[in-house]
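Report on one structure; see the data block that follows.
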Amino acid sequence: MRILFSSTPAHGHLLPQLPLARAFRDRGDQVAVMTAGLFAPVLAPEGIELLPAGPGADVLFAESTRRTGVDAAADPTPEAVAEFFAGTRIDLTADDALTAARAFAPDLIVAEAMDFVGPLAAAALEVPLATLAFGPAIPAEFTDGINQVAAVRYAERGLTPVPARWYLDPCPDLLQPPGWDAPQARLPLRPEPHQRPGQAVVPPAVPERNHGPRVLVTFGTHFSDPAVLIPILTELRDAGAELVVTLGLTARAEDFGAAGDGVTFTGFAPLAELLHDVDLVVTHGGAGTTLGALARGLPLVVVPQGADQFLQAAVVGAAGAGIAVPPGPDVPQAVANAVGTLRTDAAYADTARAVAEQIAAMPSPVDVAAQLADSLG
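Under the working numbering, the first residue of the sequence shown is numbered 5, with each subsequent residue one higher.
Right under this line is the structure:
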């Protein structure tokens, strides 16, 4: 079969799709990913074809902000989010995507939950669509507006949105928001922390353990602003924590000055490697980071910065698998206090392990690929 994955051009949207893409590839299916061309270095080692379509996130954010006056990443209002994902991205990507999708001729399109270009191609080509969520269900206050904006863009091209035949859900029940009802088309899909293709996990080199907790501080690929992290690192280090800190795609170790003394910094690396031999995780709350850490049974301190991170913070806090620290002037001290609480109150670690057990019991990407293939005949 020919399986086409479609993704918003951002690591946090693309990487959660790779385990299922690998599973189809390993079955012998022809697999391609449709997203911005800048992700060629990510996909080439996977042996998965890239179908370049549309610009990268920087161009999309600039144009979306120009149209609305609001940065959808830093200030994710429903209107700004709808314009970014369903307005600007379709406008700047649809032509490339339709050309590429027609040439690839897929039997199935798998689109991540905030990608509205793949579903456009599915409607145009009249092929089955699967939606692959990357975290908890997105609230209706966002999806209603997004769907309205997308419907206008589809209508401009003589198309009608087609409901997904499957909703592939990596979120265990313990992390679903209050009042959540499982969609009829839901297929659970075990989330996996991102790892390198075909290689054993190689953890970063860190010093011998001291007497404090080893804490992974990771704010993802785009939110690792030293101005935000320096006060947090200072408080954690003063509290005796041993720190492993990711730099994302833009920061450098020297940007942290004296706050970096005694800290182990690492550039962008697969999450599976970073989670090795740490006691807990302080994170911005990206969905992939959140689910990946909890798949390892690690409790979290979630410090949301934007995007969908407030949703992850809310469900982690509600489940008792960690502590959410909202924005405010005392965030660094609150983070240090939260780390202390996670170390002294065993209930958080117990809940994180319960979430990990739920995740481990979910169908694997191999299982889900086989089920989808059987359904397609």
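Cβ coordinates follow ideal geometry from the N, Cα and C atoms, glycine included.
Treat the numbers as computed from the prediction; the structure is a model and nothing was measured.
Pairing residue 381 with residue 7, the inter-Cα distance amounts to about 13 Å. When only Cα atoms are considered, residue 147 and residue 377 end up about 28 Å apart. Between the alpha carbons of residue 119 and residue 17 lies a distance of about 9 Å.
Boundaries of the alpha helix (DSSP H) harbouring residue 234: 230-242, taken from the DSSP string.
Looking at the backbone, the Cα of residue 68 and that of residue 53 are separated by about 28 Å. Residue 95 and residue 157 have their alpha carbons spaced roughly 8 Å apart. The stretch 285-298 and the stretch 310-317 touch, with no fewer than 3 CB-CB distances between them shorter than 8 Å. Contiguous beta strand (DSSP E) elements confined to the stretch 134-198 occur at 170-173 and 190-192, taking only those with 3 or more residues. C-alpha of residue 277 to C-alpha of residue 374: approximately 28 Å in a straight line.
Annotation: residue 253 to residue 220 spans about 17 Å, alpha carbon to alpha carbon. Counted as a single uninterrupted DSSP element, the beta strand (DSSP E) harbouring residue 36 occupies residues 34-39. Pairing residue 164 with residue 123, the inter-Cα distance amounts to about 10 Å.
Listed in chain order, the beta strand (DSSP E) elements of length 3 or more contained wholly in the stretch 247-276 are 268-270. Counting of Cβ neighbours within 10 angstroms places residue 174 among the buried residues, the total reaching 16 or more. The straight-line gap separating the alpha-carbon atoms of residue 231 and residue 299 is approximately 30 Å.
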